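Below you'll find the structure, written out as structure tokens, and then a few comments.
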Amino acid sequence: CPASASAAAGTYRLDGENHDRPLYRRQLPPGVLFFWDERDGPRWAGWWLGPALGWEQGWARHEDRKAPLPPPTGWRMPACGPADETFAVSSEQLEDLQEMVPEPEEPGPPPPALPFRVTGCQSAATASLLGGAYLARGANHGRPVYRREGAPGEPEALIFFWDARDGLGWTGWWIGPAIGWDHPGWARHEDGQALVPPPAGWKVPADGPVDEALRLLYEGRP
1 CPASASAAAG TYRLDGENHD RPLYRRQLPP GVLFFWDERD GPRWAGWWLG PALGWEQGWA
61 RHEDRKAPLP PPTGWRMPAC GPADETFAVS SEQLEDLQEM VPEPEEPGPP PPALPFRVTG
121 CQSAATASLL GGAYLARGAN HGRPVYRREG APGEPEALIF FWDARDGLGW TGWWIGPAIG
181 WDHPGWARHE DGQALVPPPA GWKVPADGPV DEALRLLYEG RP
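Numbering (UniProt numbering), first residue to last: 1 to 222.
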């Protein structure tokens with residue numbers, strides 16, 4: 001389970017969320033600092049540093065499951081080894097990260113893993129393609145991906161985020177049959193700052209006007 005402090009070192013900047021905690025990304029060489037909850041068992045829960053998102057790979061791990069931000073010390077390096085007291089996330093960097101974590105507000109945005117339903121649409125045909133219950137299933141471009149929970153044989157529907165790598169004209173949240181902006185998406189929201197899909201303001205079709213009838217109803221929210 002090889003790992004090294006040199007592989008993990010560098011500056012990591014806030015780039016969305018994973019499992020309800022901030023996610024930080026290093027551009028070059030690629031690196032991700034993220035939290036993993038107990039969905040795969042408590043032995044995998046905690047903060048991770050690695051080349052990509054996922055507990056099955058990592059240079060370092062911290063077992064503190066309650067910390068809202070990456071702990072400064074106490075990281076296991078390699079991830080399956082003992083704590084390396086010489087490795088640390090600097091206090092100066094932690095202060096910067098703390099400033100980037102917003103204060104809780106009411107009602108506040110729903111956490112990424114919160115399920116929701118897509119309802120309403122002026123087009124009955126489009127409503128049949130994208131309507132239904134969605135659950136979080138992975139991530140794309142630093143934001144959660146949601147997949148519709150349908151019966152066997154029903155068309156697949158995904159809600160995902162696309163960043164500005166292909167231009168601002170494609171940035172935002174999309175609803176479509178697959179991840180990517182180059183297919184005919186059924187709906188699009190241009191909010192490039194939202195960490196979760198916005199509840200209203202979706203364009204249907206993706207290059208059309210806003211359909212005020214389309215709503216995302218988050219579970220437990222009014």
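Quick reminder that beta carbons are idealized off the backbone N, C-alpha and C, glycines included.
Being a predicted model, the structure only gives us computed values, none of them experimental.
**OP:** With DSSP as the reference, please indicate the residues paired to alanine 136 in a beta bridge.
**Re:** As a position in the sequence shown, residue 136 is number 136, starting the count at 1. Per DSSP, Tyr146.
**OP:** Might you give, ordered along the chain, the residues of its own chain that have their beta carbon closer than 7 angstroms to the beta carbon of glycine 172, omitting 5 neighbours on each side?
**Re:** Along the sequence shown, read from residue 1 onward, the residue named residue 172 stands at position 172. Around glycine 172: Trp162, Arg188, His189, Glu190, Asp191, Gly192.
Original post:
Going by other Cβ atoms of all chains shown within 10 Å of its Cβ, with 16 needed for buried, is aspartate 211 buried or exposed?
Top reply: The count along the sequence shown starts at 1 and reaches residue 211 at position 211. The residue is buried, with at least 16 neighbouring Cβ atoms inside 10 Å.
Original post:
Just how far apart, CA to CA, sit tryptophan 47 and serine 123?
Top reply: As a working mapping, residue 47 is identified with position 47 in the sequence shown. As a working mapping, residue 123 is identified with position 123 in the sequence shown. When rounded, the distance between both Cα atoms is 44 angstroms.
Original post:
Apart from the five residues just before and just after proline 115, which ones in its own chain have a Cβ nearer than 7 angstroms to its Cβ?
Top reply: The sequence position of residue 115 within the sequence shown is 115, counting from 1. Once the five neighbours on either side are set aside, the close Cβ partners of proline 115 are Ala133, Tyr134, Leu135, Glu219.
Original post:
Where arginine 13 and arginine 43 are concerned, what is the direct C-alpha to C-alpha distance, given to the nearest angstrom?
Top reply: Taking the sequence shown and counting its residues from 1, one reaches residue 13 at position 13. Taking the sequence shown and counting its residues from 1, one reaches residue 43 at position 43. Arginine 13 and arginine 43: Cα-Cα distance of roughly 27 angstroms.
Original post:
DSSP on alanine 213, reduced to helix/strand/coil?
Top reply: As a working note, residue 213 is residue 213 in the sequence shown. Note: alanine 213 maps to coil in three-state DSSP.
Original post:
Under the three-state reduction of DSSP, which class applies to arginine 188: helix, strand or coil?
Top reply: Taking the sequence shown and counting its residues from 1, one reaches residue 188 at position 188. Of the three classes helix, strand and coil, the one that applies to arginine 188 here is strand, per DSSP.
Original post:
Span of the beta strand (DSSP E) holding leucine 23?
Top reply: Here residue 23 refers to the residue found at position 23 when the sequence shown is read from its first residue. Here the beta strand (DSSP E) through leucine 23 covers 21-26.
**OP:** Please say whether glycine 185 and tryptophan 174 have beta carbons closer to each other than 8 angstroms?
**Re:** Taking the sequence shown and counting its residues from 1, the one referred to as residue 174 is at position 174. Taking the sequence shown and counting its residues from 1, the one referred to as residue 185 is at position 185. Their beta carbons are under 8 angstroms apart, which means tryptophan 174 touches glycine 185 by this criterion.
Original post:
Helix, strand or coil: how does DSSP classify proline 17 here?
Top reply: Numbered from 1 along the sequence shown, position 17 holds the residue referred to as residue 17. Before going on, a small fix: residue 17 reads as glutamate here, not proline. Reduced to three states, the DSSP call for glutamate 17 is strand.
Original post:
Between which two residues does the alpha helix (DSSP H) carrying threonine 126 extend?
Top reply: As a first step, residue 126 must be located in the sequence shown, where it is residue number 126. 124-130 is the span of the alpha helix (DSSP H), which, as asked, contains threonine 126.
Original post:
Can you tell which of Leu23, Gly41, Gln27 has its C-alpha closest to the C-alpha of residue 247?
Top reply: The structure shown has nothing for residue 247, since the chain only spans 1 to 222.
**OP:** Would you decide whether aspartate 20 is buried or exposed? Buried here means 16 or more other CB atoms lie within 10 Å of its CB.
**Re:** As a working note, residue 20 is residue 20 in the sequence shown. Classification for aspartate 20: exposed.
**OP:** Whole angstroms is fine: what's the gap from threonine 119's alpha carbon to glutamate 17's?
**Re:** Locating residue 119 in the sequence shown gives position 119, counting from the first residue. Locating residue 17 in the sequence shown gives position 17, counting from the first residue. Using only the alpha carbons, I get a separation of about 25 angstroms.
**OP:** Could you pull the start and end residues of the beta strand (DSSP E) that arginine 61 belongs to?
**Re:** Along the sequence shown, read from residue 1 onward, the residue named residue 61 stands at position 61. Per DSSP, arginine 61 belongs to the beta strand (DSSP E) from 60-62.
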